[in-house]
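S.K.:
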Amino acid sequence: MRTLLWLIPALPFAGFFVLAVFGARLREKGVAAIGAGSVGVSAVLAILAGISFITSPPPGGSWTQTLWTWIGVDGFRPAIAFYLDALSLVMTLVVTFVGFLIHLYATEFMSDDEGYSRFFAYMNLFVGSMLTLVLADNLLLLYLGWEGVGLCSYLLIGFWYKDPANGSAAMKAFIVTRIGDAAMAVGLFLIFMNLGTLNIQEIMQKASHTWPRGSGLAVAAAALLLGGALGKSAQLPLQTWLPDAMAGPTPVSALIHAATMVTAGVYLIARTNVLFLLAPPVQAAVAIIGAATLLLAGFSALTQRDIKRVLAYSTISQIGYMFLALGVGAWSAAIFHFMTHAFFKALLFLGAGAVILAMEHEHDMFRMGGLRKELPVTFWTFLIGSASLSALPLVTAGFYSKDLILWYSWSSENGSPWLWAAGLAGALLTSIYTFRMVFLTFFGERKKEAGRRPGRVMTIPLVALAVLSVIGGFAELPRTLGNMPVFSEFVNTVLPPVKAAGEAQSAEAAMQVVTSFVSLAGVYVAYLLFLRKRRYVEGLAATRTGRALHRLWFSGWAFDWVYDRALVQPFFWIARINRDDFVDLFYDGIAWYNGFFHGALSLTQSGKVRWYAMGIALGTVIMVGIAVVLL
Amino acid sequence: MTANDFGFLAPLLAIGIAPVVIMLAVAVRRSYVLSCGLALGGIVAAFLALFAVPQGMPHRVTSLLIFDNYALLYMGLIFASTFAVTLLASEYLAARKGDLEEFYVLLLLACLGSSLLVVSNHFGAFFIGIEILSISLYALIGYTRNGLSIEAGVKYLVLAAASSGIFLFGIALLYGETGTMEFPLLAARTAAQGTNGLILTAGLALVVAGIGFKLAVAPFHMWTADVYEGAPAPVTAFVATVSKGAVFALLLRFFAIVDINAHHSLFAAVAVIAVLSMFAGNLLALLQNNVKRILAYSSIAHLGYLLVAFLASGAMRVTAVSFYLVAYFITTLGAFGVVTVLSGKERDADDIEDYRGLFTRRPWTALIFSAMLLSLAGIPLTAGFIGKFYVIAAGAGSALWLLVVMLVLNSAIGLYYYLRLMVVMYVSPGEEKVAVTLPLSVTGYLVLAVLVILLVWLGIYPAPVIELIRSMTAGI
Numbered sequence: 001m002r003t004l005l006w007l008i009p010a011l012p013f014a015g016f017f018v019l020a021v022f023g024a025r026l027r028e029k030g031v032a033a034i035g036a037g038s039v040g041v042s043a044v045l046a047i048l049a050g051i052s053f054i055t056s057p058p059p060g061g062s063w064t065q066t067l068w069t070w071i072g073v074d075g076f077r078p079a080i081a082f083y084l085d086a087l088s089l090v091m092t093l094v095v096t097f098v099g100f101l102i103h104l105y106a107t108e109f110m111s112d113d114e115g116y117s118r119f120f121a122y123m124n125l126f127v128g129s130m131l132t133l134v135l136a137d138n139l140l141l142l143y144l145g146w147e148g149v150g151l152c153s154y155l156l157i158g159f160w161y162k163d164p165a166n167g168s169a170a171m172k173a174f175i176v177t178r179i180g181d182a183a184m185a186v187g188l189f190l191i192f193m194n195l196g197t198l199n200i201q202e203i204m205q206k207a208s209h210t211w212p213r214g215s216g217l218a219v220a221a222a223a224l225l226l227g228g229a230l231g232k233s234a235q236l237p238l239q240t241w242l243p244d245a246m247a248g249p250t251p252v253s254a255l256i257h258a259a260t261m262v263t264a265g266v267y268l269i270a271r272t273n274v275l276f277l278l279a280p281p282v283q284a285a286v287a288i289i290g291a292a293t294l295l296l297a298g299f300s301a302l303t304q305r306d307i308k309r310v311l312a313y314s315t316i317s318q319i320g321y322m323f324l325a326l327g328v329g330a331w332s333a334a335i336f337h338f339m340t341h342a343f344f345k346a347l348l349f350l351g352a353g354a355v356i357l358a359m360e361h362e363h364d365m366f367r368m369g370g371l372r373k374e375l376p377v378t379f380w381t382f383l384i385g386s387a388s389l390s391a392l393p394l395v396t397a398g399f400y401s402k403d404l405i406l407w408y409s410w411s412s413e414n415g416s417p418w419l420w421a422a423g424l425a426g427a428l429l430t431s432i433y434t435f436r437m438v439f440l441t442f443f444g445e446r447k448k449e450a451g452r453r454p455g456r457v458m459t460i461p462l463v464a465l466a467v468l469s470v471i472g473g474f475a476e477l478p479r480t481l482g483n484m485p486v487f488s489e490f491v492n493t494v495l496p497p498v499k500a501a502g503e504a505q506s507a508e509a510a511m512q513v514v515t516s517f518v519s520l521a522g523v524y525v526a527y528l529l530f531l532r533k534r535r536y537v538e539g540l541a542a543t544r545t546g547r548a549l550h551r552l553w554f555s556g557w558a559f560d561w562v563y564d565r566a567l568v569q570p571f572f573w574i575a576r577i578n579r580d581d582f583v584d585l586f587y588d589g590i591a592w593y594n595g596f597f598h599g600a601l602s603l604t605q606s607g608k609v610r611w612y613a614m615g616i617a618l619g620t621v622i623m624v625g626i627a628v629v630l631l
Numbered sequence: 001m002t003a004n005d006f007g008f009l010a011p012l013l014a015i016g017i018a019p020v021v022i023m024l025a026v027a028v029r030r031s032y033v034l035s036c037g038l039a040l041g042g043i044v045a046a047f048l049a050l051f052a053v054p055q056g057m058p059h060r061v062t063s064l065l066i067f068d069n070y071a072l073l074y075m076g077l078i079f080a081s082t083f084a085v086t087l088l089a090s091e092y093l094a095a096r097k098g099d100l101e102e103f104y105v106l107l108l109l110a111c112l113g114s115s116l117l118v119v120s121n122h123f124g125a126f127f128i129g130i131e132i133l134s135i136s137l138y139a140l141i142g143y144t145r146n147g148l149s150i151e152a153g154v155k156y157l158v159l160a161a162a163s164s165g166i167f168l169f170g171i172a173l174l175y176g177e178t179g180t181m182e183f184p185l186l187a188a189r190t191a192a193q194g195t196n197g198l199i200l201t202a203g204l205a206l207v208v209a210g211i212g213f214k215l216a217v218a219p220f221h222m223w224t225a226d227v228y229e230g231a232p233a234p235v236t237a238f239v240a241t242v243s244k245g246a247v248f249a250l251l252l253r254f255f256a257i258v259d260i261n262a263h264h265s266l267f268a269a270v271a272v273i274a275v276l277s278m279f280a281g282n283l284l285a286l287l288q289n290n291v292k293r294i295l296a297y298s299s300i301a302h303l304g305y306l307l308v309a310f311l312a313s314g315a316m317r318v319t320a321v322s323f324y325l326v327a328y329f330i331t332t333l334g335a336f337g338v339v340t341v342l343s344g345k346e347r348d349a350d351d352i353e354d355y356r357g358l359f360t361r362r363p364w365t366a367l368i369f370s371a372m373l374l375s376l377a378g379i380p381l382t383a384g385f386i387g388k389f390y391v392i393a394a395g396a397g398s399a400l401w402l403l404v405v406m407l408v409l410n411s412a413i414g415l416y417y418y419l420r421l422m423v424v425m426y427v428s429p430g431e432e433k434v435a436v437t438l439p440l441s442v443t444g445y446l447v448l449a450v451l452v453i454l455l456v457w458l459g460i461y462p463a464p465v466i467e468l469i470r471s472m473t474a475g476i
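Heads up: the protein sequence lines correspond to chains S and D, in order. The C-terminal position of the first sequence is numbered 631 in this note's numbering, with every residue numbered one higher than the one before it. The C-terminal position of the second sequence is numbered 476 in this note's numbering, with every residue numbered one higher than the one before it.
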């Protein structure tokens, strides 16, 4: 079974290729079969690979499939090789399975769109690149996947390219993530220069041998990789692109900008955990950035009117939790939250997509309402997703993963009460903004008739993800509640275990009660403010500070404004006044000289044989002359 | 000569008998399809014979020829390329008037001359090979008998004859000094004499100058553009690939036996030629508006790049040169193949205006041509990138920093005209020019499809070919 590993990324690539070449000639059914089918078969293969991996674990807990060496020159031998271990297996399973459900949903969601085959071609390319990223055995191949998903993200955000706003959102996403990618590329050069390899496992080994803990090089390498992770995962200060990325079709938001690509940064850090352990200041920065991001994005989500923007800020905030977990050394908790988040956030996006479709592409929640009766399946699944996102206790997957992160942010060696407090405040914000969204959309008075209802093909993924959003959490039961840490035991074959300070079980239980209370309190607050007593919140927003805060949060803490003033405008300004600067002169000079020499040499092309014969004679003289004179 | 010897000679015999058979067939009854089919059959037979050579390599047949893995590798490359040229030519010529059957006689003879070059172990065989090749090419270049074609043929005739003279003079000097024309003996006697003999060095320099004409490196390059432009497109493809590749293979073999690193002054002279070729080729191509001329100039630059790898030492050298040649063959055949399939009855599609808006008219052709141009420019995921990477690695490995820097600078200049050509294909067509619609050439596109697949395959998965080249060239 394992020898078929390469097929898992290859099938979506093949799907992309077929759709790119023949897509225009296929009917919608054929496109859907190829587009969703290729990812579906990949998912089946991934499940089979997972079963064989668990039932007969390979020696050492990992298995490499080397397909070939791309180039072999002395020390530089980048292989096209896939590396399967517990971590990449979890990622692969989530990417293929959730990816398949979203593809399935999209076959109906995107029907009658004129770019139907183009859409599935891009989506397949995305899944192939994402799988390359998670399965890569060296950083060069990982980087190829990393850039591949970035390209697909760009193409899909700007999918409806006829609206220039979508195009500029796509460019924004590409440029902002590129800042991180540049840092990451420099990091790769640095690692290759100093360790002489790009193979991830070799890097981990060599780094722990050659770089002492806290050494400058280790810190630089980890910081540069972190730069890449921040851009891709939309964390402070590179988070500004994600809300605008909602310009893409909703399945794209669900797949790329919620479940998979944006968590690539989390994966990168977990994959190269040794480097971060060698660089304590960087790891501390990861935790702080995570905590800050989850709070800032949580506040922003509170004020959005566009249902997809609420979810976008929520995604930034939830990835903040994952970063917090990575920063405090709770590696497995981060990956666990990645998994549950993929389930419930994909569910929420798909549910939002169904709502938007029913509302004839209305995104504003304040123009919706009372959809509970009209879209029952969407409502119930959306409610389950919301409960999971808000981490309602015991019955939701989000509870188990978020609780684990909060507990370790308090109790692990790198944890601190401050981080915990930030996480707890974030949890309160999460359930407030989530249920604000639920109440505004599905409760209250009806403002608009629901149009198109989701058909069966769109309903199946909603139900499947709703089930996963509940049972996905039972993969890891904390010691207070059954003590069955199956998930962390599995991924801890790869990831280092948490260094906990050894707090008592009673402390953990107490903390769980507190977090449960907080999340329920958030739901109640949302109920009070947005369903029962709207005048409270309206009054609050009408005060001066209220208005100012609303504006600040609504704009995502004015990061766009600051960046525009601090970077974009000055850049334009410099470009304007610097039209004919001396740097340009240099390059113009090069071009001019090239043109000049072209002209001069062209004169030798006279078409006359005697002139050409002269050239041969001259050449002979030069040859013999140099050979004899230098003898 | 034993029966065993004939086993080794089988590929050469096959490629030599085929033209005789075609001539006889033509004498009985003119049939274009038959002569074309016979030519293809001859090439296939010769190719298959490569796999049937007896055990016991390297094997010398008389003192003239040597059969080793290296020779088999290059013969395979030559046969495969000739096969592609034949297929490209078959429909190109069918659209033209006149007696076309003899074209394949000449093409196979040129192929025979090239094959002889890669097995020569002696200046005698070398010279015979070069002359068979050249004489066939004179006629092939002028085959379509329009003004430009005849002019190109005559120019090539005059200049090739002159350079043969230079080459012969070099051989004479070497013979006078060492008393032999066999490469290994020559090397042994040179080493015994010491490397700083004046006459000896002058002789080697003259031989290189004569070869320089065939390779069209600067300053022996001036004929290239005129001949490329005038010759029928498939013949241009042959001149650019097989004729140059075979000569380069011989150069590599000769200077592996007679170590060029021991002749410092000669080394310096070749380095100068390499730099001159890179600059001359790229600068001349820069603002050129004729596609065949652009490709001609680009090939001058590419030979300059190859010389960088040629001057490197160590194990990387032969691998780098051979892989680069394979990539260059595929790419150049593909580029001229596109010119061929786009050419009408009257003239070849060599004006840059013929390519304006090609993407809207013929998207696949435009994509294939783009792939070829990207490979020529050395963009990753194409064979050209891997080739250039190996050349640079070989140069850097031998610390030829000046040459490597020149190569990199020239690659940047080169990008300009490759991209310029690509841009033209993707802009919308001008209104004044109504494009001639041509019938689709089935075999032509088949060849192009295979070439483009090879191009990408070698760009992504070069390992098997590199392994093949390593094992086949191990003896050099």
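Built from N, CA and C at the ideal position, the CB exists for glycine as well.
Is it right to say residue 487/S is buried, meaning 16 or more other beta carbons lie within 10 angstroms of its own, or is it exposed?
M.R.: Sequence index remark: in the first sequence, residue 487/S carries index 487 (1-based). Residue 487/S should be labelled buried.
S.K.: Under a Cβ-count criterion, where at least 16 other Cβ atoms within 10 Å of its own Cβ denotes burial, should residue 51/S be classed as buried or exposed?
M.R.: Here residue 51/S corresponds to residue number 51 of the first sequence, with the count starting at 1. Counting C-beta atoms within 10 angstroms of its own C-beta, residue 51/S has fewer than 16 neighbours from the protein chains shown and is therefore classed as exposed.
S.K.: Under DSSP, the alpha helix (DSSP H) around residue 403/S begins and ends at which residues?
M.R.: For the purposes of this step, residue 403/S is taken as the residue at position 403 of the first sequence. In the DSSP assignment, residue 403/S falls within the alpha helix (DSSP H) that extends over 397-411.
S.K.: What would DSSP say about residue 290/D, mapped onto helix, strand or coil?
M.R.: Here residue 290/D refers to the residue found at position 290 of the second sequence. Residue state, collapsed to three classes: strand.
S.K.: Interface residues of chain D around residue 68/S at Cβ under 7 Å?
M.R.: As a working note, residue 68/S is residue 68 in the first sequence. Here the neighbours are 461, 463.
S.K.: Using the beta-carbon count (16 or more within 10 Å), is residue 361/S buried or exposed?
M.R.: As a first step, residue 361/S must be located in the first sequence, where it is residue number 361. Residue 361/S is exposed by the Cβ-count criterion.
S.K.: By how many angstroms is the C-alpha of residue 464/D removed from the C-alpha of residue 304/D?
M.R.: Taking the first residue of the second sequence as 1, we reach residue 304/D at position 304. Taking the first residue of the second sequence as 1, we reach residue 464/D at position 464. Near 26 Å, if we compare the C-alpha coordinates of residue 464/D and residue 304/D.
S.K.: At what residues does the beta strand (DSSP E) containing residue 280/D begin and finish?
M.R.: As a first step, residue 280/D must be located in the second sequence, where it is residue number 280. In the DSSP annotation of this structure, residue 280/D is not part of any beta strand (DSSP E); the continuous alpha helix (DSSP H) holding it starts and ends at 264-285.
S.K.: Along chain D, in chain order, which residues have C-beta atoms closer than 8 Å to that of residue 623/S?
M.R.: Reading the first sequence from its first residue, position 623 is the one you call residue 623/S. What residue 623/S touches in chain D: 205, 206, 208, 209, 212, 269, 273.
S.K.: Could you tell me which chain D residues have their CB closer than 8 Å to the CB of residue 601/S, listed as they occur along the chain?
M.R.: Position 601 of the first sequence holds residue 601/S. Those within 8 Å of residue 601/S in chain D are 280, 283, 284.
S.K.: Cβ of residue 201/D less than 8 Å from any chain S Cβ?
M.R.: As a first step, residue 201/D is located in the second sequence; it is residue number 201 there, counting from the start. Yes, its Cβ sits closer than 8 Å to a Cβ of chain S.
S.K.: Can you say whether residue 600/S is buried or exposed, counting buried as having 16 or more other CB atoms within 10 angstroms of its CB?
M.R.: Locating residue 600/S in the first sequence gives position 600, where the first residue counts as 1. With fewer than 16 Cβ atoms within 10 Å of its Cβ, residue 600/S is classed as exposed.
S.K.: By the DSSP assignment, the beta strand (DSSP E) with residue 469/D in it spans what residues?
M.R.: For this step, residue 469/D is matched to residue 469 along the second sequence. Residue 469/D -> not in any beta strand (DSSP E); alpha helix (DSSP H) instead, spanning 463-472.
S.K.: Answer yes or no: does any C-beta atom of chain S fall closer than 8 Å to that of residue 47/D?
M.R.: For the purposes of this step, residue 47/D is identified with residue 47 of the second sequence, where counting begins at 1. Closer than 8 Å: no.
S.K.: Distance check for residue 318/D and residue 74/D, CA to CA, integer angstroms please.
M.R.: What you label residue 74/D is simply residue 74 of the second sequence in a count that begins at 1. What you label residue 318/D is simply residue 318 of the second sequence in a count that begins at 1. If you take the alpha carbons of residue 74/D and residue 318/D, they lie about 12 Å apart.
S.K.: Just the chain D side, please: which residues come within less than 7 Å of residue 598/S by C-beta, in chain order?
M.R.: Here residue 598/S is taken as the residue at index 598 of the first sequence, counted from 1. Neighbours of residue 598/S on chain D, chain order: 283, 284, 286, 287.
S.K.: Just to confirm the assignment, what range does the beta strand (DSSP E) spanning residue 65/S have?
M.R.: By 1-based counting over the first sequence, the position of residue 65/S is 65. Counting along the chain, the beta strand (DSSP E) containing residue 65/S begins and ends at 62-69.
S.K.: Could you name the residues of the region 218-252 of chain D whose beta carbon sits closer than 8 Å to any beta carbon of chain S, in the order they occur along the chain?
M.R.: 218, 219, 220, 221, 222, 223, 225, 226
S.K.: Taking its Cβ as the centre, do 16 or more other Cβ atoms sit within 10 Å of residue 636/S, making it buried, or is it exposed?
M.R.: Outside the modelled stretch of chain S, which goes from 1 to 631, sits residue 636/S, for which no answer is possible.
S.K.: Pull up the distance between the alpha-carbon of residue 367/D and that of residue 585/S, whole angstroms please.
M.R.: For this step, residue 367/D is matched to residue 367 along the second sequence. For this step, residue 585/S is matched to residue 585 along the first sequence. Their Cα atoms are separated by approximately 35 Å.
S.K.: Use the C-beta contact count for residue 427/D: other C-beta atoms within 10 angstroms, 16 or more gives buried, fewer gives exposed.
M.R.: The residue labelled residue 427/D in the question sits at position 427 within the second sequence. Classification of residue 427/D: exposed, given that the 10 Å Cβ count is below 16.
S.K.: For residue 112/S, which three-state DSSP category applies?
M.R.: Within the first sequence, the letter at position 112 stands for residue 112/S. Note: residue 112/S maps to coil in three-state DSSP.
S.K.: Where do the N-terminal and C-terminal ends of the beta strand (DSSP E) with residue 497/D fall, by residue?
M.R.: Here chain D comprises residues numbered 1 to 476, so residue 497/D is not present and cannot be evaluated.
S.K.: From 39/D, 51/D, 243/D, 450/D, pick the residue whose C-alpha is nearest to that of residue 135/D; which is it?
M.R.: In the second sequence, counting from the first residue as 1, residue 135/D sits at position 135. When 39/D, 51/D, 243/D, 450/D are compared, the shortest CA-CA separation from residue 135/D is found for 243/D.
S.K.: If we count Cβ pairs, one from each stretch, closer than 8 Å, do we get three or more for the region 517-533 of chain S versus the region 367-383 of chain S?
M.R.: no
S.K.: Would you mind telling me which residues of chain B sit closer than 7 Å to residue 393/D, beta carbon to beta carbon, in chain order?
M.R.: Absence of chain B from the displayed structure is noted, the protein chains being S and D.
S.K.: Could you tell me whether the Cβ of residue 650/S comes closer than 8 Å to any Cβ of chain D?
M.R.: Given a span of 1 to 631 for chain S in the structure shown, any question on residue 650/S remains unanswerable.
S.K.: By the three-class DSSP mapping on this structure, what secondary structure does residue 379/D have?
M.R.: By one-based count along the second sequence, residue 379/D stands at place 379. Here DSSP, grouped into helix, strand and coil, assigns residue 379/D to coil.
S.K.: Going by C-alpha to C-alpha distance, which of 41/S, 108/S, 32/S sits closest to residue 92/S?
M.R.: By 1-based counting over the first sequence, the position of residue 92/S is 92. Out of 41/S, 108/S, 32/S, 41/S has the C-alpha closest to the C-alpha of residue 92/S.
S.K.: So residue 141/D packs on residue 231/D, CB below 8 Å; how close in whole Å?
M.R.: Residue numbering aside, residue 141/D sits at position 141 when the second sequence is read from its first letter. Residue numbering aside, residue 231/D sits at position 231 when the second sequence is read from its first letter. About 4 Å separates the two Cβ atoms, so the contact holds.
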